[in-house]
Amino acid sequence: MEAFDQLLAQAPARIDLAGDLDALATLEAELVGKKSLIAETRRGLGRLPAEERPVVGARVHEVLRSLQELLDHRRSVLERVAEDRLLEQDRVDVSLGGYEPSIGMHHILTQTVDEVVDIFTGLGYRVASGPEVELAWYNFDALNTPPTHPSRLESDTLYVEYGDPSDEMLLRTHTSPMQARYMEQNDPPVYVVVPGRTFRADALDPTHSPVFYQIEGLAVDENITFGDLKGTLAHFAREFFGSERKIRLMPHFFPFTEPSAEMHMSCYACDGSGCRVCSGSGWIELIGCGMVDPNVLDAVGYDSSKLSGFAFGMGAERMAMVRHGINHIKHFYENDIRVLRQFT
Ligand SMILES: [Zn+2]
30 MEAFDQLLAQ APARIDLAGD LDALATLEAE LVGKKSLIAE TRRGLGRLPA EERPVVGARV
90 HEVLRSLQEL LDHRRSVLER VAEDRLLEQD RVDVSLGGYE PSIGMHHILT QTVDEVVDIF
150 TGLGYRVASG PEVELAWYNF DALNTPPTHP SRLESDTLYV EYGDPSDEML LRTHTSPMQA
210 RYMEQNDPPV YVVVPGRTFR ADALDPTHSP VFYQIEGLAV DENITFGDLK GTLAHFAREF
270 FGSERKIRLM PHFFPFTEPS AEMHMSCYAC DGSGCRVCSG SGWIELIGCG MVDPNVLDAV
330 GYDSSKLSGF AFGMGAERMA MVRHGINHIK HFYENDIRVL RQFT
């Protein structure tokens, strides 16, 4: 009983001295654990004379409860301290200046392609894409370009397989192969634009690159006329370059259109009076186009006696260069951030 009195007298001070939860757990094991005086006394109760057992038992219970209360109280204090410390460590100072995230943007070529495509989807055109590695059949033969045509030479076209014209494969030289592919897979009427990368055996100079982006357009329906082609391209020029733009169609030649034309647009910089942008002519060459050659319609199984159509192809780089006054095609591929940032 004296030992219990002593234990109880010292306990509050010892428990208060426990500086953290680990120290408190150690002290708790010593005071009320399996090897504590309390546990030992409990185990020895049976050996005591019968009349002493209830007295000692009650005292043990009382001491245990007092110690447990002191321990629990101290634990809740220490837990709160630990929590406060954690909160202090994790504190965020919302008044600190942050880092501005750098937000990406579309490349000027992507912006140009998207904008051109949007103008035509606004007229009801669909959008299609095709393979960059193409069969010579789709790139040339189906487009009325015979095996003897000079554009099929290795000096102009980048071949993957070269030799036997029936299984030649190449990097497509224009997006026009999709004219044949699309008509093979879709019944008329056809109104489609095809944006994509094209490849030619050209050296890099201010206006040529071995890789460039083209946007192809094809309309095939009953009673389509040259007037429809002109109206469509005039609409495009005014949407893309401004409502004041005029166009003219000059005779040209492409194997897969008849008649063929080159669309010229009145210079946006001088409004036709002649300046450096238009080399003094007042006009800017912009788009190759023409009426779809009946041979192309026949090659895909369309009835050229009932259907007619027009096609056009434009370079995305050319559109962006003319519109923004960019003087070298290399600026699109070098990806100098100082250049790209001007087109956010
Ligand atoms: Zn001009």
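Just add 29 to the spot in the sequence shown (first one is 1) and you have this note's numbering.
Even glycine gets a Cβ: it sits at the ideal position worked out from N, Cα and C.
Worksheet item: Among all the DSSP beta bridges, which residues are the ones paired with glutamate 163?
Response: Partner(s): Leu199.
Fill in: Touching by the beta-carbon criterion (3+ pairs, under 8 Å), the segment 314 to 323 and the segment 337 to 345
With the cut-off at 8 Å, the segment 314 to 323 and the segment 337 to 345 touch.
Worksheet item: Do glutamate 291 and histidine 281 have their C-beta atoms within less than 8 Å of each other?
Response: yes
Practice prompt. Just mark tyrosine 128 as buried or exposed, buried being the case when its beta carbon has 16 or more other beta carbons within 10 Å.
Written response: exposed
Worksheet item: Alpha carbon to alpha carbon, what distance is there between leucine 233 and isoleucine 358?
Response: 8 Å
Worksheet item: If you draw a straight line from the C-alpha of proline 217 to the C-alpha of tyrosine 331, how long is it?
Response: 8 Å
Worksheet item: First and last residue of the beta strand (DSSP E) that includes glycine 338?
Response: 337 to 344
Worksheet item: Can we say the segment 253 to 266 touches the segment 177 to 190, given the rule of at least three CB pairs closer than 8 Å?
Response: No: the two stretches stay apart, fewer than three of their Cβ pairs being nearer than 8 Å.
Item to complete: Classify valine 162 as buried or exposed, calling it buried when 16 or more other Cβ atoms lie within 10 Å of its own Cβ.
Response: exposed
Practice prompt. Check whether the Cβ atoms of valine 121 and leucine 37 lie closer than 8 Å to each other.
Written response: No, they are not a contact pair.
Practice prompt. Taking only the alpha-carbon atoms, compute the straight-line gap between phenylalanine 16 and serine 124 and give it to the nearest angstrom.
Written response: What is shown of the chain runs 30 to 373, which leaves residue 16 out entirely.
Item to complete: Consider the C-beta atom of glycine 354 and the heavy atoms of ligand 1; say whether any pair is separated by less than 7 Å.
Response: No, since every heavy atom of ligand 1 falls outside the 7 Å radius drawn around the Cβ of glycine 354.
Worksheet item: Going by the C-beta, is valine 368 closer than 7 Å to any heavy atom of ligand 1?
Response: Not a single heavy atom of ligand 1 lies less than 7 Å from the C-beta of valine 368.
Worksheet item: What residues in its chain sit with their C-beta under 8 Å from that of histidine 203, if we drop five residues either side in the sequence?
Response: Asn168, Thr227, Gln243, Glu245 and Gly342
Worksheet item: Secondary structure at valine 321, three-state DSSP: helix, strand or coil?
Response: strand
Practice prompt. Quick one: grab the DSSP three-state call for tyrosine 362.
Written response: Correct three-state label for tyrosine 362: helix.
Item to complete: Compute the minimum distance between the beta carbon of glycine 127 and the heavy atoms of ligand 1, and state whether it is under 7 Å.
Response: no
Worksheet item: In three-state terms, what does DSSP make of phenylalanine 169?
Response: coil
Practice prompt. Please confirm whether leucine 100 and leucine 66 have their CB atoms less than 8 Å apart.
Written response: no
Worksheet entry | Closest residue to valine 142 among Phe241, Tyr188 and Asp49 (Cα-Cα distance) | It is Phe241.
Discussion item. According to DSSP, is leucine 152 part of a helix, a strand, or is it coil?
Written reply: coil
Worksheet item: Does any heavy atom of ligand 1 sit closer than 7 Å to the C-beta of valine 351?
Response: No - ligand 1 has no heavy atom lying nearer than 7 Å to the Cβ of valine 351.
Worksheet item: Whole-angstrom Cβ separation of methionine 294 and alanine 248, contact assumed at under 8 Å?
Response: About 20 Å; that fails the 8 Å criterion.
Practice prompt. For glycine 354, I'd like the list of residues in its chain whose CB is within less than 6 Å of its CB, leaving aside the five on either flank, ordered along the chain.
Written response: none
Practice prompt. Identify every residue that forms a DSSP beta bridge with alanine 290.
Written response: Pro280 and Cys318
Fill in: Nearest neighbour of glutamate 396, chosen from Glu268, Cys299, Cys307 and Val325 [CA to CA]
Here the chain covers residues 30 to 373 and nothing more, so residue 396 does not appear.
Worksheet item: Within 7 Å: the Cβ of cysteine 318 and any heavy atom of ligand 1?
Response: no
Worksheet item: Based on Cα-Cα distance, which residue from Gly338, Ala32, Glu80 and Arg76 lies nearest to leucine 60?
Response: Per the C-alpha coordinates, the member of Gly338, Ala32, Glu80 and Arg76 positioned closest to leucine 60 is Ala32.
Worksheet entry | Presumed contact (8 Å Cβ cut-off) between valine 329 and alanine 209, rounded CB distance | 5 Å
Discussion item. Is the separation between the beta-carbon of glutamate 144 and that of alanine 165 shorter than 8 Å?
Written reply: no
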